[in-house]
Structures are given as structure tokens and as C-alpha cells.
Amino acid sequence: MKVLVINAGSSSLKYQLIDMDNENVIAKGNCERIGLDGFIGHKTADGREVEKEMDFPTHKEAFMAVVEVLTTGEGKVIDDVKEISAVGHRVLHGSEVYKTSTLVTDKVIEDIFSFRELGPLHNPPQATAMKACQEVFGKDTPMVAVFDTSFHQTMPPKAYMFGIPYEYYEKYSIRRYGFHGTSHRYVSQRYFEITGKDPKGTKIITCHLGNGSSLAAIQDGKVVDTSMGLTPLDGFIMGTRCGGIDPSVVTYIMNKENLTPDEMSNLMNKKSGFLGLSGISNDCRDIQKAASEGNARAQLTVDMFVYQIRKFIGSYAAAMGGVDALLFTGGIGENSQDIRYDICSDFEYLGLKANKELCMNANRKEVNFAEKDSKVEAWVIPTNEELMIAKDTVALLK
Ligand code: AMP
């Protein structure tokens, strides 16, 4: 069975065609500059590449281009679009309504659009993309929505409520939702698959560290707390986001600099984190390089990132009454051995003894880099959100 996985943005449409009989990617690509002009980059598993400029006034033309490159020309991998059994869509926000993935109906698309205030940059284009997909593939092709928030819906109120007047939860659904749920779910399930451990009675902390980063505390296979909040801004410093800060900082800067709410939001989402602190880049590789060359602000940025993550790990271990394994994933978690090792150092009091050599050689592999006699495991598990979306799609079709 072949499943097309879609990750739509306001001006882009990423796709992967996955053969679910063997879980291999058949082809993948990205339609860019939707609404401006249009460009598609397409790669097949056997190494063929197509890159061409096209006209994408809307997401519909982008979907038509995806069908075209999959079925014709240099990048052709299937004879007929009917070979695609179903489409799985990544969706940012499912509010409190969608606690699991779901088959897409008109009502589901309406709901996704109606959560636009919770996910203003993502939910509207994702709803638009689903409608466009229906038009191109026809309503007979089943579609599934997989929400970034749904895995975190098991959190208890004491973890998801904020200490503000209760009426704002009732009026506006203001609470902690958490994001990267598909990634946290994939790596935690993979950990249980690899180790054969029973989720029941197991306490793990998943660390998705990339341009956006979040941690999740998972007990008995269920999320009990996570670092991102109402939006993906909360937690610790990221590429361009500030993470959790004293809320007074927000009103103080707005008053001093005469900023509107949108301008302040832009400052916290786009100009802070690694970029704002270092003044160099939002990219962890650039920051680490500058730090190694003696740049003090770059070093401060790395130190803050590691320190803030260690504080979250400590607090989640305290909240769960212990921890059995830390799982690292995402661009930084999978590739930066130094950051991984620094996070795990001096955690002997928690029962974790990291092995430096194993950690240095664990990049992009599924490896436990803790010492043999360490009570707590420390794993690298590369994430695969697209496969998780495709698996949910197949499961819902069955
Ligand atoms: P993601 O958002 O998961 O794609 O991750 C992007 C982040 O991973 C960026 O900050 C990259 O700098 C970082 N990254 C990728 N490769 C490496 C590497 N070899 N060392 C350190 N960071 C890396």
C-alpha cells in the first residue's frame, strides 16, 4: 500500500510517497513559493532528481504538480495516481478536540480552520491544503489528519493549566498543548520496540532538539508533561525562539520600545534564541563553530541551551519520581555529539552514566550511549515523523 504524506505550509508543500509494505520512501520533494511563482524539487529513492520552475497560484496547482512528477517524466515512480491508497496530512493544532489522528471529513477541515487562533501560521494553510488535495485526488481517496498536539493530550490538568484566571481557559482554551507530538510518539514507540520493554511502569524523557525544540515526560507510554505551551514558543531557547521567560519581560519591553503585540510576538519567535543571543545565526552548527573559536556570546548561547535542557530533565525526573531513559532526536539531538554529551554529564545522581566514546559515535544511529552499569539509558533515536503519519493513515484505513 502506497501512502502520500503531506506537510503543508503557507507557501510550501512537502511530500513523501511511502511504500507501507516495506516502509521505504519511494520519492519525496517540496513545492515552494506557492502564491508567488513556483518551484518543485523532487527526488526518487533510486537517485533521480527533478527540479523545475512551475506556476503555483494556490496549493491546488502544487498538488497537481506532485501528481505530475510522480506519474510522468524523469521522476516517475508510479503509473497511475490511483496507486496512492491514501494521503496523510501533518496538522499543527488539534486543540482539545483531536486527541488522536482522524479520518478527514469536511467537518474535520472546518475544525482545523477554526483552531486558527491557536495556530495562525499553520492551521489555515493546512486546512486549505486538505481541500486542495480533495479536489485533486477526489473524495474517494481517504485522507488522515495527524496532529502535532494530540500525543500530549494525556497530560493531567496540573501540567497543562497556567496560573492565570480560570475563565481564560474556559473562554479561549488557553492551556499548555505541546508540539512535536508525532516525533515524541515515534521515538518513544521506537524505544519500546527496540528494547522490548513494556511501556507500563517505564519513565522516559524524549528530547526533540532541532531548530524548534521540546522535551516530553512520558510515563507508562503517555505524556505527563511537555515543554512547549499554548504555542511552540514556550520551553527553552531555540533557533529563533526565546523559550520560557519571566512574563514581565514581555510587558516591560513592549512599554519601553512601544511595540504592538504582533511586533513583540515577532521579537520572541523570530529574533530571539540562538540568533538573538549570539547575534550570529539561528543554526546550531554556526553557534558551535563560533564558540569553539572563542566567541563569548556563542559560548553563552550553547551554555544556556544545555543548562536549560538539564533543568527540564531534572524537573521531569522529579515530576515522574525517576527516569529510566533519555531519548535524543531532531537535527541537534541526532547530530551534535558534544551537546548531547554535555546535557548528560554529571547526571550520576540521577543514575545516568554517559559513555563519552559511545556518545561521540552515536550520530544518526539507534544507540544507547550510557555505560553498561548505568541505571538510566541515554539513546539517540533518529525521528521519522513522515513514517508515523503514514502508519496512522494505514491504521485508520484498516
Ligand atoms: P531540525 O529542525 O530538526 O532539522 O534541526 C535543525 C538544527 O539541527 C539546526 O540548528 C542545525 O544546526 C542542527 N544540526 C544539524 N546537523 C548538525 C550537526 N552536525 N551538529 C550540530 N547541529 C546540527
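Residue 71 is where the sequence shown starts when you use the working numbering, and the numbers rise one by one after that.
Glycine residues also receive a C-beta, built at the ideal position from the N, C-alpha and C atoms.
Values in this document were obtained by computation on a predicted structure and should not be read as measured data.
As assigned by DSSP and simplified to three states, the class of residue i
{"i": "PHE217", "result": "strand"}
{"i": "GLY487", "result": "The chain is shown only over 71 to 468; residue 487 falls outside these bounds and no answer can be derived."}
{"i": "ILE253", "result": "Reading off the sequence shown, one finds Ser at residue 253, where the question assumed Ile. In this structure, SER253 counts as helix in the three-state DSSP scheme."}
{"i": "ALA432", "result": "coil"}
{"i": "THR296", "result": "strand"}
{"i": "ILE274", "result": "strand"}
{"i": "ALA448", "result": "strand"}
{"i": "THR141", "result": "helix"}
{"i": "ASP89", "result": "strand"}
{"i": "ARG160", "result": "strand"}
{"i": "LEU173", "result": "strand"}
{"i": "GLU121", "result": "strand"}
{"i": "PHE185", "result": "coil"}
{"i": "THR265", "result": "helix"}
{"i": "ASN405", "result": "helix"}
{"i": "VAL136", "result": "helix"}
{"i": "LEU420", "result": "helix"}
{"i": "ASN211", "result": "As written in the sequence, residue 211 is Thr, which differs from the Asn given in the question. THR211: coil per DSSP, three-state reduction."}
{"i": "LYS426", "result": "helix"}
{"i": "SER362", "result": "helix"}
{"i": "LYS146", "result": "coil"}
{"i": "SER258", "result": "helix"}
{"i": "ILE357", "result": "helix"}
{"i": "SER155", "result": "strand"}
Same chain only: Cβ atoms within 8 Å of residue i, ignoring 5 sequence neighbours per side
{"i": "LEU188", "result": "HIS163, SER165, SER243, TYR247, LEU300, THR301"}
{"i": "ILE76", "result": "LEU83, LYS84, TYR85, VAL157, GLY158, HIS159, ARG160, ALA199, CYS203"}
{"i": "LEU347", "result": "ILE307, ARG367, LEU370, THR371, MET374"}
{"i": "ILE234", "result": "ILE244"}
{"i": "LYS225", "result": "Going by the sequence as given, residue 225 is Met instead of Lys. Hits under 8 Å: ARG246, GLY248, VAL293, VAL294, ASP295, THR296."}
{"i": "GLY143", "result": "VAL120"}
{"i": "GLU391", "result": "Looking at the sequence provided, one finds Gly at residue 391 rather than Glu. Closer than 8 Å at Cβ, skipping near neighbours: LYS273."}
{"i": "LYS326", "result": "none"}
Beta-carbon proximity list for residue i, same chain, < 6 Å, skipping 5 on both sides
{"i": "GLY282", "result": "PRO302, MET308"}
{"i": "HIS112", "result": "GLY99, VAL120, VAL139, GLY145"}
{"i": "GLY403", "result": "CYS277, LEU279"}
{"i": "LYS270", "result": "ASP290"}
{"i": "ARG260", "result": "ILE451"}
{"i": "LEU396", "result": "ILE275, ALA448"}
{"i": "ILE154", "result": "LYS72, LEU74"}
{"i": "ALA286", "result": "HIS254, THR276, VAL293, THR296"}
{"i": "ALA132", "result": "LEU83, CYS101, ILE104, PHE126"}
{"i": "ALA360", "result": "ILE350, ALA368"}
{"i": "LYS241", "result": "none"}
{"i": "GLY400", "result": "HIS278, LEU279, GLY280"}
{"i": "LYS169", "result": "SER220, GLN223"}
Residues of its chain near residue i, where Cβ-Cβ distance is below 7 Å and the 5 sequence neighbours each way are ignored
{"i": "PRO212", "result": "ALA156, LEU173, LEU467"}
{"i": "ASP181", "result": "VAL167"}
{"i": "ALA388", "result": "none"}
{"i": "ASN454", "result": "TYR256"}
{"i": "MET338", "result": "LEU303, ARG311, CYS312"}
{"i": "ASN336", "result": "none"}
{"i": "LEU420", "result": "ALA387, VAL393, VAL446"}
{"i": "ILE459", "result": "VAL75, GLY158, ARG160, VAL216, THR252"}
{"i": "CYS354", "result": "PHE344, ILE402, SER406"}
{"i": "ASP89", "result": "LYS72, ILE96"}
{"i": "ALA440", "result": "LEU422, LYS423, ALA424, ASN425, VAL446, GLU447, ALA448"}
{"i": "GLU93", "result": "LEU457"}
{"i": "LYS228", "result": "none"}
{"i": "MET231", "result": "TYR239, ARG245"}
Boundaries of the alpha helix (DSSP H) in which residue i is found, first to last residue
{"i": "CYS312", "result": "First-last for CYS312: undefined, no H or E at that position."}
{"i": "LEU457", "result": "455 to 467"}
{"i": "ARG246", "result": "ARG246 -> no alpha helix (DSSP H), and no H or E assigned at all."}
{"i": "LYS201", "result": "193 to 207"}
{"i": "ALA388", "result": "366 to 390"}
{"i": "TYR230", "result": "227 to 230"}
Start-to-end residues for the beta strand (DSSP E) that takes in residue i
{"i": "PHE109", "result": "109 to 114"}
{"i": "ALA287", "result": "283 to 289"}
{"i": "ALA78", "result": "72 to 78"}
{"i": "ALA440", "result": "Element bounds for ALA440: n/a, residue is neither H nor E."}
{"i": "THR399", "result": "395 to 399"}
beta-carbon residue i near the ligand ATP non-hydrogen atom, thresh 7 Å
{"i": "VAL437", "result": "Among the ligands in the structure shown, the ligand ATP does not appear; only the ligand AMP can be found there."}
Could you name each continuous alpha helix (DSSP H) segment of 4 residues or more that falls completely within the stretch 321 to 353, going from the start of the chain to the end? The alpha helix (DSSP H) runs of length 4 or more contained entirely in the stretch 321 to 353 are, from start to end of the chain, 331 to 340, 343 to 348.
Any heavy atom of the ligand AMP within less than 5 Å of residue CB: hits in chain order: So the residues near the ligand AMP by this Cβ test are GLY280, ASN281, ASP353, CYS354, ARG355, GLY400, GLY401, ILE402, ASN405, SER406.
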